[in-house]
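Residue numbers (the working numbering), protein chains in the order written: chain A, 2 to 921; chain B, 877 to 1250. Here a beta-carbon is modelled for each residue, glycine too, at the ideal position from N, C-alpha and C.
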């Protein structure tokens, strides 16, 4: 251990000073009165079961979470003070728990590091140099252009470390950085940390780990339980104090009585020797994804009742093999057999004999513990009478009594893992396939878990196929298989493997095998380079600016990269608006033609037929079979067959001759009011025209001629074509819906996937974060807008009579508003699904119905009117119609700009107010 | 039997899931209460508050009468203005109509010289342009005629045309708007609840978990369809009875159970569509865009916004493939015209066929993409 670098003079003030720190998650206490100092230049390891508050404590120290009670001083200042956080966070680096949780999966290795480097204001040359140094020393240099999402777990963690180190932090906080990482990568990771500490001795490191063998490397250990600190000291002091040989044992000895009571050494009865029936068999099992061979001719046989361990580096094909065994994935080649039957993906019967626990314990978080068990009992069709007994049995066996009513999210990891196993066991399967079931679980819970496995294997004869990264677990297996790069390297008993390697530990044997297979040998960190400049040059206190365009640009650049990495989404956004413009431009029309009508002619004279002829001659109406009764008219209108019925009274011709009053009746289908309006207008016009013609014929046209004439002038759209009126109205609507939906997922997705923590712990301000996200969406939408304008003018023949610059300026402003609405919804909502739903609800109705696309806002009433008055679409509609159809420029349209100018910053400000800079 | 039990059990799980998500529940309630209410009441009845400006060069008794004859609710109180100002009002959209009464109008009318008034119409507001100019012409003719009658003898029209609206005598758009808003929200909700929920399950890995159990993709899909369909159906029915019939006092003439049966068929089609979209989209951001791309044409071209007859032939034909088109026809027939099953059966059949096709398509996609989902 390179701990020698830290000589820990008492003179140095502590980097972290915690006083009476407490924290609650809901009603659950996570931290209870923590008092702790962490000296500068030190490396301190935190150990303890899951859910004892280690992660909470780390996020408090990193400034990612709001302090609830007590004081947290980091780097000589109070973390409750936003000003101090702002100035301290460039010196703190925080890697949250979870593989690659704060990385951006679609961005490449280089782009990920570059993003963080930009956030901390490094210029291009500096960034290039740092990226080269960091990737060189972490061994990531050959993978610079690989997307982070495609890296193995170990590489993800190394990348996370690069991102954390890019700004030369004085305090490095690593929350379980090696959980779920294979032994070889783990060893490399810690060597790297040692190396960095050697070159940057001024840096303090705080680490949490679930691997006790790793804890031995740290200078000082802090054991936590139940939100409290149990003990602290050097690893040796721990061993001395408890009188135990290993840290794992020491940790258990330190636990309070009641918790320790649950712990017993895991002892597994020796396997029955002999040739039991084969439960699982793989023969030349191969899986290819495109050119990539994930599993390459894997073969092994597992006897009934055997505990078979599956070891290998991350991404070597273990999970894929397991999925093929369960039938989740079809094999590309080779065969998997369970109890001698080939595994078929659709074979429901085999699934009953297998229990599978995937890496992410996929429990239903919305169902309680008991409900989860019951649901699975039902899905496996346990007889109704047996169900309660079986559920109770599982609750007892897996020690879930007392938490039956809780929901999985409220349980500690160890409990959740036992529940997952209980769920996988509910139907008493003969084979259990467990994919890294103990990843991230603390020693006590793991021991309990293994006792259950031993029980199942030896007493119930359940065959267990388990993958793990823990060497002490591997040692408990009857046999283990080592996998690397899709191939099974060796299958044997743990003892035989160690022996074949010439003694030592299983871990050494494992690593030696892997290194031999990968051929590369140890990835020795190259000579230190990263510290050269930063260590030499004294850190110039950078001016803390509240608004730094470079950070905005950093976020913009990243958001834009992510957008370009998702070409489908980009195409949908661009092409989608074009399609919708055409569909709606052609589809929405108010010219009603081809209306079906029926006539009830009770007169049956030449005159009445003449009247009917007037209607028939029109392009608006199509005559149907004449009717002979009211009932018939009624029935046909009810069926929607006709929308107009005309009744000509008996004596129509005679009465006209006499000059007696005559009344023709017209019934219009009022089910659709707008259509009824139009029809009524047509009929009246036709009637008047007929009268006029007959009167003129009869020579008394004068008598009914109007006293005054009305000259109609249709302005802006003299040909009165629907499309010319509609398209300038459709564009603003589309430019609300699509940009809002684009932006609506940007914040909430980071929340759901975890990368929001980068915003919490970097010096980025809210406005920088939001503006940075907004700019690329405005830019993309602007491209989309220009496309629509070009197509509208060029293809649809909508004239652009006014000022184009005014239209474009209005569009930019308006797009700022619509993307801000998306961001607002995104910030407010907790899940992506709610954001999608909310955006659809909050944009479609107001933009389509309340903003004047069809009915002008001034003609609306009630709530809709109020919404229309404040909704940005209303104003951009005025600008778009003005510029397209009315030939106007900025001088006439500026009143419509003002509300947009107000709305954009107000919306963004509101979003910023709703966006917490820290987690709660 | 086993299949049925699985479908029921999985569906109940879906329902529990939704009930424990307060944000989603609030959005569902909002969509069927306030959204329907505001959507229905905002749309003006026939011609409502059409903004009109008048340039009166005559300033006579007759011209004042004409001015006075424009009043709410059909028109806003006329803005009296000058000819130059009139252009600005129309440019800024403050007036849809501008009427110019020429000098000596009254004198010329009485002298039988048939003077002309000029009516400027903002033809970009196509919905008001036609109806409104019709109204204005009638109002002016009537006012002039009534005024002239006292000053010279003129006979009325010898033949009268009586117009009556069936099913909605006053052409109250609330009736129509409320139902269309319900239909829109039924479509939106059913797609979001099934589709987005499927993507969420995929992103959270619970789909994989289901697949190792003895349940088939068919069962998973049907369970989602029935449970989410049921939620939307109950919400829509409540909305129809409480909001539309209760608060908005829209008389419903037909059989509500028949309408609900139709809605169930629509839901069969739209929930299948939701699952289909979810199999196309690879992530929630993509799904969000697909949703807009699907919803908007469905809403605007199903005949709920503008009449089907007014759409170009090819749009009408294409839209026959959309379940909502048939449902709009069915809803109008049942709720307003009181039509029975004898009338609406073709729509029911069409929706069943479309639903069946969408379901099959979604199931095929779901089966083939399910291994990529894990």
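Residue 627(A) is not a Cβ neighbour of residue 665(A), given a cutoff of 8 Å. The closest CA to that of residue 819(A), considering only 397(A), 565(A), 737(A) and 871(A), is found on 737(A). In the displayed model, residue 652(A) falls within coil according to three-state DSSP, outside both helix and strand. Cβ neighbours of residue 725(A) within its own chain (closer than 6 Å, five residues either side excluded): 718 and 799.
For the 8 Å CB-CB criterion, residue 383(A) and residue 391(A) form a contact. Interface residue (Cβ-Cβ distance to chain B less than 8 Å): residue 779(A) is not classified as such. Within chain A, not a single residue places a beta-carbon under 7 Å from that of residue 1121(B); the smallest gap is close to 17 Å.
Put simply, the backbone Cα of residue 589(A) is about 7 Å away from that of residue 1177(B). DSSP, reduced to helix, strand and coil, places residue 56(A) within a helical segment of the structure shown. Contact between residue 71(A) and residue 19(A) holds: CB atoms are separated by about 7 Å, below the 8 Å threshold.
Shortest Cα-Cα distance from residue 220(A) to any of 680(A), 405(A), 512(A) and 235(A) involves 235(A). In the three-state scheme derived from DSSP, where H, G and I count as helix and E and B as strand, residue 148(A) is classed as strand. C-alpha of residue 190(A) to C-alpha of residue 141(A): approximately 12 Å in a straight line.
Excluding five sequence positions before and after residue 257(A), none of the CB atoms of its chain fall closer than 6 Å to its own CB. In this chain, the beta strand (DSSP E) harbouring residue 994(B) covers 992-998. When only Cα atoms are considered, residue 711(A) and residue 1014(B) end up about 10 Å apart. Look at the stretch 225-276 of chain A and you find these whole runs of alpha helix (DSSP H), each 4 residues long or longer: 236-243, 248-255 and 258-262. Put simply, of 1090(B), 1026(B) and 1007(B) the residue whose alpha carbon is nearest the alpha carbon of residue 356(A) is 1090(B).
Residue pairing for residue 484(A): DSSP places it in a beta bridge opposite 313(A) and 489(A). Of all residues in the stretch 932-959 of chain B, only 952 place a beta-carbon less than 8 Å from a beta-carbon of chain A. Considering only beta carbons, the part of the stretch 869-888 of chain A lying closer than 9 Å to chain B consists of 869, 878, 879, 882, 883, 885, 886, 887 and 888, in chain order. Boundaries of the beta strand (DSSP E) around residue 464(A): 464-468.
In the displayed model, residue 424(A) falls within a helix according to three-state DSSP. Cα atoms of residue 1155(B) and residue 1245(B): separation of roughly 7 Å, rounded to the nearest angstrom. When the Cα atoms are used, residue 673(A) and residue 1113(B) turn out to be separated by approximately 21 Å. Contact between the stretch 934-943 of chain B and the stretch 1136-1156 of chain B is absent: fewer than 3 CB-CB pairs across the two stretches fall below 8 Å. When Cβ pairs closer than 8 Å are counted between the two stretches, the stretch 334-342 of chain A is seen to touch the stretch 282-292 of chain A, the count reaching three or more.
Judged by DSSP secondary structure, residue 192(A) falls within the alpha helix (DSSP H) whose first and last residues are 184-200. Within 10 angstroms of the beta-carbon of residue 1070(B) lie 16 or more other beta-carbons, which makes it buried.
When secondary structure is reduced to three states using DSSP, residue 757(A) falls in the coil class, being assigned neither helix nor strand. The residues 1148, 1151 and 1152, in chain order, have a CB closer than 6 Å to that of residue 1238(B) in the same chain once the five nearest residues on each side in sequence are set aside.
Counted as a single uninterrupted DSSP element, the alpha helix (DSSP H) harbouring residue 351(A) occupies residues 349-354. Within the DSSP bridge table, the entry for residue 299(A) names 286(A) as partners. Its Cα nearest to that of residue 43(A), the residue 199(A) stands out among 199(A), 192(A), 78(A) and 131(A).
Put simply, the stretch 944-951 of chain B does not touch the stretch 987-1005 of chain B. Fewer than three CB pairs are less than 8 Å apart. For residue 896(A), the C-beta contacts it makes with chain B under 7 Å involve 968, in order along the chain.
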